[in-house]
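>
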Amino acid sequence: MAGTIRAQYPASLRPVRVMCTARVSSDMVMRAFNKGADGVIVGG
Amino acid sequence: MLETQRSTNIELFTLAEVTDLQGYIGNFEVEILQHARYTNQDCNGCGACFDVCPANAPSEFDQGMGPRKAIYTSFAQAVPMQAQIDMDVCIKCGNCEVVCELTAVNFDQQDTKFSVKVGGIIMATGWDEYEPEYGYLGYGKFENVITQLSLERMLAPNGPVVGHLHRPSDGKPPESVLFVQCVGSRDINRNVYCSSGVCCMVSIKNAKLVKGHNPSTEVVVAYIDIRAAGKGYEEYYAASRREGVKYIRSKVGRVREDPKTGNLKVVLEDTLSPDKTIREYEFDMLVLSAAMLPSKTFGKLNKVVNLSKHSSGFLKEFHQRLNTVDTDVPGIALAGACHGPKAISETIMQAKGAASSIGKLLTNGEYRINLIRAISDEEKCSRCGMCAAACPFEAIKITREEGAVVDNILCRGCGLCAAVCPSEAITVRYYRGDQYENLIDAMLEDALKEGGHA
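One line per chain: the protein sequences are A and B, in this order. So the first sequence is numbered by the numbering used here: it starts at 3 and just counts up by one. So the second sequence is numbered by the numbering used here: it starts at 3 and just counts up by one.
1. Tell me which residue opens and which closes the alpha helix (DSSP H) that B:Ala357 is part of.
2. Can you find a heavy atom of the ligand GDP that lies under 8 Å from the Cβ of B:Ser358?
3. Would you check if the region 250–261 of chain B and the region 150–159 of chain B touch, i.e. whether three or more CB-CB distances between them fall below 8 Å?
4. On a Cα-Cα basis, can you pick out the residue from B:Glu284, B:Ile280, B:Thr263 and B:Gly264 that is closest to B:Glu271?
5. With DSSP collapsed to three states, give me the class of B:Asn58.
6. Which whole-angstrom value is the C-beta distance of B:Cys419 and B:Ile398, which I expect to be below 8 Å?
7. Can you find a C-beta in chain A that's less than 9 Å from the C-beta of B:Leu167?
8. On the criterion of 16 or more Cβ atoms from any shown chain inside 10 Å, does B:Gly234 qualify as buried, or is it exposed?
9. Among B:Val54, B:Cys416 and B:Lys143, which has the Cα closest to the Cα of B:Glu135?
10. Taking contact to mean at least 3 C-beta pairs separated by less than 8 Å, is the region 183–191 of chain B in contact with the region 162–170 of chain B?
11. Can you tell me where the beta strand (DSSP E) with B:Ser291 in it begins and where it stops?
12. Where do the ends of the alpha helix (DSSP H) carrying A:Val31 lie?
13. Using only alpha-carbon positions, find the residue among B:Ser378, B:Gly173, B:Gly361 and B:Val179 that is nearest to B:Met67.
14. DSSP puts B:Glu19 in a beta bridge; with which residues?
15. Going by DSSP in three states, B:Leu450 sits in which element: helix, strand or coil?
16. Run through DSSP, which three-state label would B:Asp130 get?
17. Quick test of your reading: B:Arg39 and B:Leu4, contact by CB under 8 Å. State the CB separation rounded to the nearest angstrom.
18. Taking the beta strand (DSSP E) that B:Gly255 belongs to, which residues open and close that run?
19. Tell me whether B:Ser275 is buried or exposed, calling it buried when 16 or more other Cβ atoms sit within 10 Å of its Cβ.
20. How would you list, in chain order, the residues of chain A whose beta-carbon sits under 9 Å from the beta-carbon of B:Ile442?
21. Using DSSP's beta-bridge definition, name the partner residues of B:Arg251.
22. Could you say which of B:Asn372, B:Lys94, B:Gly405 and B:Glu99 lies nearest to B:Ser378 if we only look at CA atoms?
23. Could you check if B:Asp110 is buried or exposed, using at least 16 other CB atoms within 10 Å of its CB as the buried criterion?
24. Give me the Cα-Cα distance between B:Gly96 and B:Gly49, rounded to the nearest whole angstrom.
25. Does A:Ala9 have its Cβ less than 9 Å from a Cβ in chain B?
26. Can you tell me which residues form a DSSP beta bridge with B:Ser117?
27. So, does the CB of B:Met445 fall closer than 9 Å to a CB anywhere in chain A?
28. May I have the straight-line CA-CA distance separating B:Gly232 from B:Lys305, to the nearest angstrom?
29. For B:Gly342, which of B:Tyr74, B:Ser9, B:Ser313 and B:Asp330 has the nearest alpha-carbon?
30. Taking the C-alpha atoms as reference points, what is the distance between B:Asn440 and B:Lys119?
31. On a CA-only basis, which of B:Gln150, B:Thr114, B:Cys201 and B:Asp260 is nearest B:Lys344? Give me that one, please.
32. Quick check: what's the CA-CA separation for B:Glu19 versus B:Phe300?
33. In the structure shown, what three-state DSSP assignment does A:Gly45 receive?
34. As a quick exercise: from B:Asn58, B:Ala230 and B:Ile442, pick the residue whose alpha carbon is nearest that of A:Asp29.
35. Determine the direct distance from the alpha carbon of B:Val185 to that of B:Tyr26, and round the result to whole angstroms.
36. Do B:Cys45 and B:Gln7 have their beta-carbon atoms positioned less than 9 Å apart in this structure?
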């Protein structure tokens, strides 16, 4: 979405593509925090 | 149609229906039920048996307005030109057998079932006219209210009244005819869709024909808006106006019948007149331009073929703008009104597209599939069968030895099986849990190395 509306977003953002937001488990979010992520956005 | 029959590369099965479909692109197996025709291929359709047959039935082709015999061809140019016997009507007198010089009649023929192997399938099941419910706009209740297809047969030189228009109640040539547009379409209580301007053009054509037959006939079309969107269509519409066909932009209000004359009293609101006149008009005959529906037998067929449908009941295309020829099942393409209401020219366009789409697949010799497919772990799988039940493409089979077995060609990688699996045994390739974990780890390691925040 950010790309199609030509929105700018910080270069430190890392997208993880999933087939559906229901595929995102709490384990995946917690793992990201454990590894040092400052925040996690779940968008769909 | 005759060309189809004569082509040596085409095998034609008529009076047949598809009863089962197995397999996938390049390897479909189609089971066909061939209904008995009760005549063999020696029949040349000479029609000698029609004259001696004592049993009559209403002709389906003539919309029930004319008779046909129990032994008949469905219409004059039927392909193949071979008689068939309707056993529900036949009294088994044997007259046809006696009179047939080619000994083509065979009362002992049975329905047969057989399978054919095909590489691709083109759906071309066509359409049926919407039948207005009893009493809607007087249909069924008043004899002089007919549908467009009935008028079509009445105007045909080979039809039940040999092209001389008579109204049904008393056989009088009508002095005034009203065409009613959008019957059963563009109507939230019936069908929301527009029948794609086909009924507009048919009405204009038939209005011109009625007018041409007897120029003193008053011909009026009640319409919402005329959708003459096609090459030369607008000119055709303008020509009909010049010839004296009147157009009133109005939905039809009440329809009553004058019991003495059989004339119809119709309330119209002329929405284009300055004062929006609401007035009762009297017509000798009403012709309803009924909507195009998917063919009646299609529901039964689709229980076998199982293609996804649009909310209108017509088949869904692969993509509404970018690919309107293929379906979401590889190897099955669409042609004509099974996909949506459309005119002959568009049908032919789509049919040629469908033929080349399937032809391209077949001549390639190979078909590439995406590797995003479900994979099952034999060790973890408890053989519960939930994945097989959840699979919309019937791609999963449960075996005692290997657990869930996924057919890589039928599988479309949707992931429904992975979502329902209680033991996480079935996953989608490239979207597995550990792959996500590794992805997150690698990404963050990378980002933190580059500097500071992630």
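Even for Gly, the Cβ is constructed at its ideal location relative to N, Cα and C. Note that the structure is predicted; figures quoted are calculated from it, not measured.
This is what the structure holds:
1. Position 355 of the second sequence holds residue 357 of chain B. Ile346 to Asn366 is the span of the alpha helix (DSSP H), which, as asked, contains B:Ala357.
2. Judged by which ligands are present, the structure shown has none, so any question about the ligand GDP falls away.
3. no
4. The sequence position of residue 271 of chain B within the second sequence is 269, counting from 1. Answer by Cα proximity: B:Ile280.
5. Walking along the second sequence from the start, residue 58 of chain B turns up at place 56. DSSP places B:Asn58 in strand when its eight states are reduced to three.
6. Position 417 of the second sequence, counted from the start, is the residue given in the question as residue 419 of chain B. Position 396 of the second sequence, counted from the start, is the residue given in the question as residue 398 of chain B. With a Cβ gap of about 6 Å, B:Cys419 and B:Ile398 count as contacting.
7. Locating residue 167 of chain B in the second sequence gives position 165, counting from the first residue. No, B:Leu167 does not count as interfacial toward chain A.
8. For this step, residue 234 of chain B is matched to residue 232 along the second sequence. Answer is exposed; the Cβ neighbour count stays below 16.
9. To locate residue 135 of chain B, count along the second sequence from 1; it is residue 133. Taking only the C-alpha atoms, the option nearest B:Glu135 is B:Lys143.
10. no
11. Taking the second sequence and counting its residues from 1, one reaches residue 291 of chain B at position 289. From DSSP, the beta strand (DSSP E) with B:Ser291 extends over Met287 to Ala292.
12. Here residue 31 of chain A refers to the residue found at position 29 when the first sequence is read from its first residue. Element bounds for A:Val31: Ser28 to Asn36.
13. As a first step, residue 67 of chain B must be located in the second sequence, where it is residue number 65. It is B:Gly173.
14. Taking the first residue of the second sequence as 1, we reach residue 19 of chain B at position 17. According to DSSP, B:Glu19 bridges with B:Leu35.
15. For the purposes of this step, residue 450 of chain B is taken as the residue at position 448 of the second sequence. It is helical.
16. If you number the second sequence from 1, residue 130 of chain B lands on position 128. Three-state DSSP puts B:Asp130 in a strand.
17. Counting from 1 along the second sequence, the entry for residue 39 of chain B is found at position 37. Counting from 1 along the second sequence, the entry for residue 4 of chain B is found at position 2. Not quite, the Cβ-Cβ distance comes to about 18 Å (not below 8 Å), so this is no contact.
18. On the second sequence, position 253 is the one that residue 255 of chain B refers to. Val254 to Glu259 is the span of the beta strand (DSSP E), which, as asked, contains B:Gly255.
19. Position 273 of the second sequence holds residue 275 of chain B. Exposed: under 16 other Cβ atoms inside 10 Å.
20. Looking up residue 442 of chain B in the second sequence gives position 440. Neighbours of B:Ile442 on chain A, chain order: Arg16, Val18, Met30, Arg33, Ala34, Lys37 and Ala39.
21. Position 249 of the second sequence, counting from 1, holds the residue named residue 251 of chain B. B:Tyr225.
22. Counted from its first residue, the second sequence places residue 378 of chain B at position 376. Measuring from the Cα of B:Ser378, the nearest candidate turns out to be B:Gly405.
23. Position 108 of the second sequence holds residue 110 of chain B. B:Asp110 comes out exposed.
24. Against the second sequence, residue 96 of chain B aligns to sequence position 94. Against the second sequence, residue 49 of chain B aligns to sequence position 47. Each residue's Cα considered, the two are about 15 Å apart.
25. Numbered from its first residue, the first sequence carries residue 9 of chain A at position 7. Chain B, which has no Cβ nearer than 9 Å to the Cβ of A:Ala9, makes this no.
26. As a first step, residue 117 of chain B must be located in the second sequence, where it is residue number 115. Looking at the DSSP assignment, B:Ser117 forms a beta bridge with B:Glu33.
27. Indexing the second sequence from 1 puts residue 445 of chain B at position 443. Interface residue, yes.
28. As a working note, residue 232 of chain B is residue 230 in the second sequence. As a working note, residue 305 of chain B is residue 303 in the second sequence. If you take the alpha carbons of B:Gly232 and B:Lys305, they lie about 35 Å apart.
29. Against the second sequence, residue 342 of chain B aligns to sequence position 340. Here the closest residue by C-alpha is B:Ser313.
30. Against the second sequence, residue 440 of chain B aligns to sequence position 438. Against the second sequence, residue 119 of chain B aligns to sequence position 117. In a straight line, the C-alpha of B:Asn440 is about 45 Å away from that of B:Lys119.
31. Residue 344 of chain B sits at position 342 when you count from the first residue of the second sequence. Among B:Gln150, B:Thr114, B:Cys201 and B:Asp260, the Cα nearest to that of B:Lys344 belongs to B:Cys201.
32. Reading the second sequence from its first residue, position 17 is the one you call residue 19 of chain B. Reading the second sequence from its first residue, position 298 is the one you call residue 300 of chain B. Answer to the nearest angstrom: the Cα atoms are 11 Å apart.
33. Here residue 45 of chain A refers to the residue found at position 43 of the first sequence. DSSP places A:Gly45 in coil when its eight states are reduced to three.
34. Position 27 of the first sequence, counting from 1, holds the residue named residue 29 of chain A. That would be B:Ile442, whose Cα lies nearest to the Cα of A:Asp29.
35. Position 24 of the second sequence, counting from 1, holds the residue named residue 26 of chain B. Position 183 of the second sequence, counting from 1, holds the residue named residue 185 of chain B. Between B:Tyr26 and B:Val185, the C-alpha separation is close to 40 Å.
36. Taking the second sequence and counting its residues from 1, one reaches residue 7 of chain B at position 5. Taking the second sequence and counting its residues from 1, one reaches residue 45 of chain B at position 43. For B:Gln7 and B:Cys45, no; Cβs fall outside 9 Å.
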